[in-house]
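Q:
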Amino acid sequence: MDTRRTRTASVVATLTVGALALSACGDGASDEPAAAGGTTDGRTTITVALFGTFGYEESGLFEQYMEENPDILIQYESTQGEDKYWPALQTKLNSGSGAADIQGIEVARISEVTANQADLWTDLRDTPAGERVGDYVSWKADAATTADGKVVGLGTDIGPMALCYRSDLFEAAGLPTEPEELAARMGSWEDFIALGEEFQAGAPDGTAFHDSAGGLYNAIVSTEEQIYHDESGELVLESNQAVRDAFDLAARAGQSGLTAKLEQFVDPSWDAGFGSGTFASIACPSWMIGYIKGKAGDAGSGQWNITTLPGGQGGNWGGAYLGIPEASENKEEAAELLAWLTDAEQQAAVFANVGNFPSNTGAIALVGDTTDEYFNDAPIGEVFTTSAENAPTQILGPHDGVAKNAMVQALLSVEVNGVDPADAWEAGVSQVLNQVR
Amino acid sequence: MTTITRPPAIPGTPLAAPTRRRRRRGNHSAGWLTYVVLGVTAVLFIGPFYYMIVAASRPMSEMVQSPPPLTPGPNLWANIQTALNQQDIGRAIVNSVIVSGTVTIATLLFCTLAGFAFAKLRFRGKKVLFGLTLGTMMIPPTLGVVPLYMVMAELDLAGRLSSVILPTLVSAFGVFFMRQYLLQSLPDELIEAARVDGATSLRTFWSIVLPIARPGMAVLGMLTFMTAWNDFFWPVITLNSSNPTVQVALNNLGSGYVPDTAIIMAGTLVGTLPVVVVFLLLGRQIVSGIMAGAVKG
Amino acid sequence: MTSTVPVRSAPDAVPPPIPPRVAEPGPPTWRSRLFRWEAGAAPYVYVAPFFLLFAAFGLFPLIYTVWVSLHEFRLNSEMTWVGLDNFVWLFTNEKFYNALLKTFTIGVLSTVPQLMLALGLAHLLNYRMRARNFFRISMIMPYATSVAASTLVFAQIFGRDGGFANWMLSLVGLDAIDWRNGDLTAQIAIAVIVTWRWTGYNALIYLAGMQSISYDLYEAASLDGASRWQQFRHITLPGLRPTILFTVVVSTIGATQLFGEPLLFGGGTPNGGAVNQYQTVGLFMYQQGWQYGSLGRAAAVAWVTFLLIVVLVLLNTAIMRLRTAQRLSGGDD
Numbered sequence: 008m009d010t011r012r013t014r015t016a017s018v019v020a021t022l023t024v025g026a027l028a029l030s031a032c033g034d035g036a037s038d039e040p041a042a043a044g045g046t047t048d049g050r051t052t053i054t055v056a057l058f059g060t061f062g063y064e065e066s067g068l069f070e071q072y073m074e075e076n077p078d079i080l081i082q083y084e085s086t087q088g089e090d091k092y093w094p095a096l097q098t099k100l101n102s103g104s105g106a107a108d109i110q111g112i113e114v115a116r117i118s119e120v121t122a123n124q125a126d127l128w129t130d131l132r133d134t135p136a137g138e139r140v141g142d143y144v145s146w147k148a149d150a151a152t153t154a155d156g157k158v159v160g161l162g163t164d165i166g167p168m169a170l171c172y173r174s175d176l177f178e179a180a181g182l183p184t185e186p187e188e189l190a191a192r193m194g195s196w197e198d199f200i201a202l203g204e205e206f207q208a209g210a211p212d213g214t215a216f217h218d219s220a221g222g223l224y225n226a227i228v229s230t231e232e233q234i235y236h237d238e239s240g241e242l243v244l245e246s247n248q249a250v251r252d253a254f255d256l257a258a259r260a261g262q263s264g265l266t267a268k269l270e271q272f273v274d275p276s277w278d279a280g281f282g283s284g285t286f287a288s289i290a291c292p293s294w295m296i297g298y299i300k301g302k303a304g305d306a307g308s309g310q311w312n313i314t315t316l317p318g319g320q321g322g323n324w325g326g327a328y329l330g331i332p333e334a335s336e337n338k339e340e341a342a343e344l345l346a347w348l349t350d351a352e353q354q355a356a357v358f359a360n361v362g363n364f365p366s367n368t369g370a371i372a373l374v375g376d377t378t379d380e381y382f383n384d385a386p387i388g389e390v391f392t393t394s395a396e397n398a399p400t401q402i403l404g405p406h407d408g409v410a411k412n413a414m415v416q417a418l419l420s421v422e423v424n425g426v427d428p429a430d431a432w433e434a435g436v437s438q439v440l441n442q443v444r
Numbered sequence: 007m008t009t010i011t012r013p014p015a016i017p018g019t020p021l022a023a024p025t026r027r028r029r030r031r032g033n034h035s036a037g038w039l040t041y042v043v044l045g046v047t048a049v050l051f052i053g054p055f056y057y058m059i060v061a062a063s064r065p066m067s068e069m070v071q072s073p074p075p076l077t078p079g080p081n082l083w084a085n086i087q088t089a090l091n092q093q094d095i096g097r098a099i100v101n102s103v104i105v106s107g108t109v110t111i112a113t114l115l116f117c118t119l120a121g122f123a124f125a126k127l128r129f130r131g132k133k134v135l136f137g138l139t140l141g142t143m144m145i146p147p148t149l150g151v152v153p154l155y156m157v158m159a160e161l162d163l164a165g166r167l168s169s170v171i172l173p174t175l176v177s178a179f180g181v182f183f184m185r186q187y188l189l190q191s192l193p194d195e196l197i198e199a200a201r202v203d204g205a206t207s208l209r210t211f212w213s214i215v216l217p218i219a220r221p222g223m224a225v226l227g228m229l230t231f232m233t234a235w236n237d238f239f240w241p242v243i244t245l246n247s248s249n250p251t252v253q254v255a256l257n258n259l260g261s262g263y264v265p266d267t268a269i270i271m272a273g274t275l276v277g278t279l280p281v282v283v284v285f286l287l288l289g290r291q292i293v294s295g296i297m298a299g300a301v302k303g
Numbered sequence: 037m038t039s040t041v042p043v044r045s046a047p048d049a050v051p052p053p054i055p056p057r058v059a060e061p062g063p064p065t066w067r068s069r070l071f072r073w074e075a076g077a078a079p080y081v082y083v084a085p086f087f088l089l090f091a092a093f094g095l096f097p098l099i100y101t102v103w104v105s106l107h108e109f110r111l112n113s114e115m116t117w118v119g120l121d122n123f124v125w126l127f128t129n130e131k132f133y134n135a136l137l138k139t140f141t142i143g144v145l146s147t148v149p150q151l152m153l154a155l156g157l158a159h160l161l162n163y164r165m166r167a168r169n170f171f172r173i174s175m176i177m178p179y180a181t182s183v184a185a186s187t188l189v190f191a192q193i194f195g196r197d198g199g200f201a202n203w204m205l206s207l208v209g210l211d212a213i214d215w216r217n218g219d220l221t222a223q224i225a226i227a228v229i230v231t232w233r234w235t236g237y238n239a240l241i242y243l244a245g246m247q248s249i250s251y252d253l254y255e256a257a258s259l260d261g262a263s264r265w266q267q268f269r270h271i272t273l274p275g276l277r278p279t280i281l282f283t284v285v286v287s288t289i290g291a292t293q294l295f296g297e298p299l300l301f302g303g304g305t306p307n308g309g310a311v312n313q314y315q316t317v318g319l320f321m322y323q324q325g326w327q328y329g330s331l332g333r334a335a336a337v338a339w340v341t342f343l344l345i346v347v348l349v350l351l352n353t354a355i356m357r358l359r360t361a362q363r364l365s366g367g368d369d
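Residue numbers (our numbering), protein chains in the order written: chain A, 8 to 444; chain B, 7 to 303; chain C, 37 to 369.
1) From the DSSP secondary-structure annotation, give me the bridge partner or partners of Trp93 of chain A.
2) Got a sec: is the Cβ-Cβ distance from Ala234 of chain B to anything in chain A below 7 Å?
3) In the DSSP assignment, what are the bridge partners of Asn367 of chain A?
4) Pull the bridge partners of Thr314 of chain A from the DSSP assignment, please.
5) Does at least one heavy atom of the ligand MG sit under 6 Å from the Cβ of Ser169 of chain B?
6) Would you call Glu238 of chain A buried or exposed, if buried means 16 or more other Cβ atoms sit within 10 Å of its Cβ?
7) Does the Cβ of Trp294 of chain A have 16 or more other Cβ atoms within 10 Å, making it buried, or fewer, making it exposed?
8) Kindly provide the ranges of any alpha helix (DSSP H) runs that are 4 or more residues long and lie completely inside the stretch 85 to 153 of chain C, ordered along the chain.
9) Strictly below 7 Å CB to CB, what residues from chain C border Thr142 of chain B?
10) Mind checking the stretch 228 to 261 of chain A against chain C and listing, in chain order, the residues whose C-beta falls within less than 7 Å of any C-beta there?
11) Below 7 Å CB to CB, which residues in the same chain sit around Phe231 of chain B once its five sequence neighbours on both sides are set aside?
12) Any beta-carbon of chain C closer than 7 Å to the one on Pro94 of chain A?
13) Around the Cβ of Gly33 of chain A, are there at least 16 other Cβ atoms within 10 angstroms (buried) or fewer (exposed)?
14) Quick one: Cα of Val242 of chain B to Cα of Ser206 of chain C, how far?
15) Go to Ser288 of chain A, then tell me how far its beta strand (DSSP E) extends in each direction, as first and last residue.
16) Would you call the stretch 112 to 126 of chain B and the stretch 72 to 89 of chain C in contact, with 3 or more CB pairs under 8 Å?
17) Nearest by alpha-carbon distance to Lys91 of chain A: which of C:Phe171, C:Ala77, C:Asp214, C:Gly304 is it?
18) Once DSSP output is grouped into helix, strand and coil, what is the label at Val70 of chain B?
19) Quick check on Asp260 of chain C - is its C-beta less than 7 Å from some C-beta in chain A?
20) Which ranges would you report for the beta strand (DSSP E) in the stretch 323 to 361 of chain A if only whole runs of at least 3 residues count?
21) Would you mind telling me which residues of chain C sit closer than 9 Å to Ile52 of chain B, beta carbon to beta carbon, in chain order?
22) Kindly indicate the opening and closing residues of the alpha helix (DSSP H) around Thr54 of chain A.
23) Buried or exposed: where does Ile355 of chain C fall if 16 or more other Cβ atoms within 10 Å of its Cβ makes it buried?
24) Give the residues of chain C in contact with Asp274 of chain A, contact being defined as C-beta atoms less than 9 Å apart.
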């Protein structure tokens with residue numbers, strides 16, 4: 008028994024030592040963290056770290072760039088959820104090491120970057136990417152420019168807003184189904200609500216006109232220039248009539264049963280609703296097209312169509328930028344790659360492959376006449392181009408995330424918890440004020 | 007090892023005087039009700055894992071239908087291929103084995119030692135030190151990542167497997183667990199007898215404590231391995247997809263605004279399967295490890 | 037030491053006794069001094085690895101969190117000293133008290149049934165039966181199933197339209213429930229998820245503990261005519277006391293820090309529902325730190341939570357010690 012235990016012990020000891028040794032040399036030999044690029048066999052390594060929505064890898068763009076530039080090696084990695092990506096990036100920036108040469112920045116974060124972190128990111132005007140700075144939709148480029156004109160990121164995609172709807176359900180309820188007819192009926196958001204009431208009157212059971220009050224609210228405010236902050240960065244949530252009106256309208260829709268009362272993106276019933284027809288319309292940024300196709304599947308092909316927002320307004324939801332952290336040691340090469348990735352041709356290729364709408368004006372021109380079979384051959388290129396051109400330059404501020412979250416939560420409580428809209432508004436506002444004091 | 011078979015114990019009847027024999031584990035025999043309860047429980051516990059297989063083998067749009075499908079579909083292999091192409095899950099599994107294995111072995115060793123000390127040895131400051139140990143368990147983990155990363159960056163360990171191994175090498179949970187276990191199963195008399203006989207603490211630990219601790223160590227080892235395998239908040243921050251553990255690799259699966267849940271499920275299946283297979287194969291050993299404890303009295 | 041004396045008893049039953057040494061006469065030799073030194077130093081050496089590693093990787097984060105809690109701090113922005121302002125903000129914040137309440141209710145809902153179930157399951161698993169290994173391995177399956185996969189399943193089960201739970205309700209003629217948006221229903225759903233995940237884990241811990249209870253005790257009791265339930269109450273439970281204390285303390289700590297399951301039930305958002313109906317303290321802290329980026333406030337929450345847990349654990353241990361004292365004086369054992 009002694010020998011057995013001794014033998015077990017020696018096995019365990021060997022294993023431990025072996026494992027520790029393996030991890031030590033396994034790390035050293037091949038697994039250099041993809042932080043600082045360097046030179047590997049004469050080639051310069053550029054590290055690119057993004058979150059899941061960019062579409063470069065899927066469109067084969069990294070391969071293509073490496074073929075055309077044999078002295079460059081691209082090491083790419085992607086974190087699926089931006090909400091996991093950003094804390095990791097922030098932690099690395101904070102400690103001064105570990106960030107990649109090119110990092111993605113979501114539009115919701117860009118105002119924080121320009122306001123507080125401008126010195127952690129390279130001014131792209133001083134790099135080979137500088138000549139690209141003027142190629143983008145103006146409101147997109149402005150958001151990534153600091154007060155003193157420093158450009159911290161170049162735009163990748165945008166999310167111009169339209170309205171996607173189930174033409175089969177509209178037909179069943181006696182509504183027009185052609186995009187032009189609908190656009191003619193919807194001169195304003197009030198008209199939209201009126202259309203909704205007409206829909207509910209004639210709709211089959213279990214189908215609501217719109218998916219969620221929160222989604223409707225977001226669609227309305229996305230067409231506004233001033234939402235939660237004014238130019239000086241002050242919070243204007245309480246005083247901005249446009250926000251209050253949007254809130255009231257959405258709350259009305261929620262209360263009168265025009266919505267399916269679903270929490271967007273997180274409620275599995277929302278996912279199911281695309282295919283099962285729980286809702287007949289949804290605010291549609293360009294990337295929602297991919298969502299619809301994925302969730303409704305092949306069965307949904309031909310059931311959906313798309314039209315402009317009421318009154319032909321333009322708005323934006325989503326999008327991202329590419330930036331180069333100041334700590335990067337390969338700024339030149341990284342900037343060249345960045346410039347190429349955000350160039351017109353490449354952005355058009357991404358749109359063709361994964362549906363991300365370009366922010367580069369040249370690319371927008373290239374994709375202008377795309378149609379989509381799934382959406383009854385709707386001219387999605389045209390619809391989104393118009394929306395992008397009509398979108399206002401939004402004033403972004405540091406508390407946008409808090410405010411948006413509070414408003415959507417408040418609207419959900421009106422829908423599902425029966426909270427009175429006035430009370431819900433008060434609760435939402437006080438939540439924001441409480442958070443930012 | 008000879009065993010003398012004896013008839014199953016019938017409660018209430020006098021038993022033949024027990025001779026020294028290898029004690030067969032399991033006092034009473036299980037009735038049909040026991041089987042039913044355990045069977046239902048097993049179905050409930052394994053159900054979601056089975057559902058993962060279903061979700062991995064069908065296209066995403068089918069899974070959001072109601073009612074959702076209950077049988078596997080045809081896409082399993084294709085989805086697994088896609089998942090393996092997107093992320094280097096093979097390398098991730100190797101890394102996870104290294105990390106989890108090292109952590110488990112070290113935890114077993116150090117926690118049993120410390121647990122023994124706190125349970126049975128006398129020394130000054132024992133209560134305070136044990137209180138401190140417990141105290142460290144109460145620190146919420148999510149905030150520690152920022153300073154921990156700073157430490158790792160200073161030590162130039164960020165991004166390496168060591169940065170994931172070192173912080174979890176000994177856990178307060180393990181120390182506490184082994185202490186309670188030894189308190190319960192290690193009679194003071196044995197320790198006293200050994201001391202009287204002139205055994206050093208180390209010798210006592212080796213010859214007396216370890217065999218008795220074996221069932222506890224088996225369970226602690228299994229739980230530690232799984233916890234290390236499933237750990238993801240800190241690894242996602244410090245590691246990246248060139249040197250991932252399984253959870254990091256799975257976290258990076260899927261792309262685009264609409265993550266394809268079928269691919270993610272397929273990848274998760276591949277990432278979880280090694281652990282499950284190991285426990286199925288070694289389960290016998292582990293379980294009999296749990297069973298082959300020393301007996302009091 | 038010398039080799040072990042061969043023992044006639046069956047191997048693995050009782051560890052062999054250390055063979056007696058000849059007593060050493062005369063003044064203390066270096067050997068016996070070494071022996072005494074070893075006895076004194078050994079405990080400190082044994083607990084040292086834990087504290088060393090903690091000092092290296094646990095202490096700095098702790099101190100740093102204290103430091104940060106006294107500042108207003110957004111990562112990669114300036115750190116401004118605010119003293120105790122964060123704590124004042126915290127204690128005048130109704131969302132914090134809501135989170136505390138929810139943590140408590142969800143904690144009770146998910147811990148009490150779970151531990152009782154685990155105890156029962158362990159007792160059943162202790163029986164002699166066929167397919168024992170299969171049942172025991174099935175205990176750990178929930179813990180092995182990835183959090184993402186199991187959340188997907190439970191989100192579907194508790195979905196409003198066409199979820200499994202509502203389907204079962206419809207079978208008995210009840211209306212569908214909007215689980216995730218109701219107050220108590222969402223908490224119940226989360227308690228179910230937590231219970232599902234951790235019951236088997238605790239059952240295995242209890243099972244290991246049960247192995248060290250001698251079978252002879254049960255034999256003697258059944259000879260005396262004790263029923264299985266009485267044996268459970270008077271042999272198993274007392275014998276498991278240290279293990280039970282362990283699981284209670286660990287589960288309490290886990291319940292106070294609960295954050296993974298509510299986060300994923302909310303689809304990855306830390307709101308905890310439209311009216312924060314299932315936002316635990318852990319989720320509240322995560323929201324402050326990582327969604328809103330206020331690390332200073334998150335650190336304050338962390339410290340208050342820590343103090344809360346300490347108080348709770350001390351309470352727990354005091355209660356258990358009280359009950360032990362009662363039992364002993366009552367002579368119930």
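Using N, Cα and C, we set each Cβ at its ideal position, and we do this for glycine too.
A: For this structure:
1) One-based indexing of the first sequence puts residue 93 of chain A at position 86. DSSP output for Trp93 of chain A lists no bridge partner at all.
2) As a position in the second sequence, residue 234 of chain B is number 228, starting the count at 1. No Cβ of chain A is located within less than 7 Å of the beta carbon of Ala234 of chain B.
3) The residue labelled residue 367 of chain A in the question sits at position 360 within the first sequence. Looking at the DSSP assignment, Asn367 of chain A forms a beta bridge with A:Tyr143.
4) To locate residue 314 of chain A, count along the first sequence from 1; it is residue 307. Bridge partners of Thr314 of chain A: A:Leu170.
5) Inclusion of the ligand MG in the displayed structure is not the case, the ligand content being empty and no account of it being possible.
6) As a working note, residue 238 of chain A is residue 231 in the first sequence. Burial call: exposed.
7) Here residue 294 of chain A corresponds to residue number 287 of the first sequence, with the count starting at 1. By the neighbour-count rule (16 or more Cβ atoms within 10 Å), Trp294 of chain A is buried.
8) Runs found: 95 to 105, 121 to 127.
9) Locating residue 142 of chain B in the second sequence gives position 136, where the first residue counts as 1. Phe90, Gly94, listed in chain order.
10) Shown here is that no member of the stretch 228 to 261 of chain A has a Cβ falling below 7 Å from a Cβ of chain C.
11) As a first step, residue 231 of chain B is located in the second sequence; it is residue number 225 there, counting from the start. Cβ within range, chain order: Ser106, Thr110.
12) For the purposes of this step, residue 94 of chain A is taken as residue 87 along the first sequence, with counting starting at 1. Closer than 7 Å to some Cβ of chain C, the Cβ of Pro94 of chain A qualifies, so yes.
13) As a first step, residue 33 of chain A must be located in the first sequence, where it is residue number 26. Residue placement at Gly33 of chain A cannot be trusted, given a pLDDT of 41 that sits under 50; what the coordinates show is reported in the next sentence. By the 10 Å Cβ count, Gly33 of chain A comes out buried.
14) As a working note, residue 242 of chain B is residue 236 in the second sequence. As a working note, residue 206 of chain C is residue 170 in the third sequence. Linking Val242 of chain B to Ser206 of chain C through their CA atoms gives a straight-line distance of about 42 Å.
15) Residue numbering aside, residue 288 of chain A sits at position 281 when the first sequence is read from its first letter. Residues 286 to 292.
16) Three or more Cβ pairs drawn from the stretch 112 to 126 of chain B and the stretch 72 to 89 of chain C lie within less than 8 Å of each other, which places the two stretches in contact.
17) Looking up residue 91 of chain A in the first sequence gives position 84. Ranked by Cα distance from Lys91 of chain A, the first of C:Phe171, C:Ala77, C:Asp214, C:Gly304 is C:Gly304.
18) One-based indexing of the second sequence puts residue 70 of chain B at position 64. In the structure shown, the three-state DSSP call for Val70 of chain B is coil.
19) Here residue 260 of chain C refers to the residue found at position 224 when the third sequence is read from its first residue. Asp260 of chain C does not count as touching chain A.
20) Along the stretch 323 to 361 of chain A, the beta strand (DSSP E) occurs as fully enclosed runs of 3 or more residues at 323 to 330, listed in sequence order.
21) Position 46 of the second sequence, counting from 1, holds the residue named residue 52 of chain B. Chain-ordered, the chain C residues with CB closer than 9 Å to the CB of Ile52 of chain B read Ser174, Met177, Pro178, Thr181.
22) Stepping through the first sequence from its first residue, residue 54 of chain A is reached at position 47. Going by DSSP, Thr54 of chain A is part of no alpha helix (DSSP H) but of the beta strand (DSSP E) stretching over 50 to 58.
23) Numbered from 1 along the third sequence, position 319 holds the residue referred to as residue 355 of chain C. Flag for Ile355 of chain C reads exposed.
24) Sequence index remark: in the first sequence, residue 274 of chain A carries index 267 (1-based). By Cβ distance, chain C contributes Ala191, Gly195, Arg196, Arg216, Asn217, Gly303.
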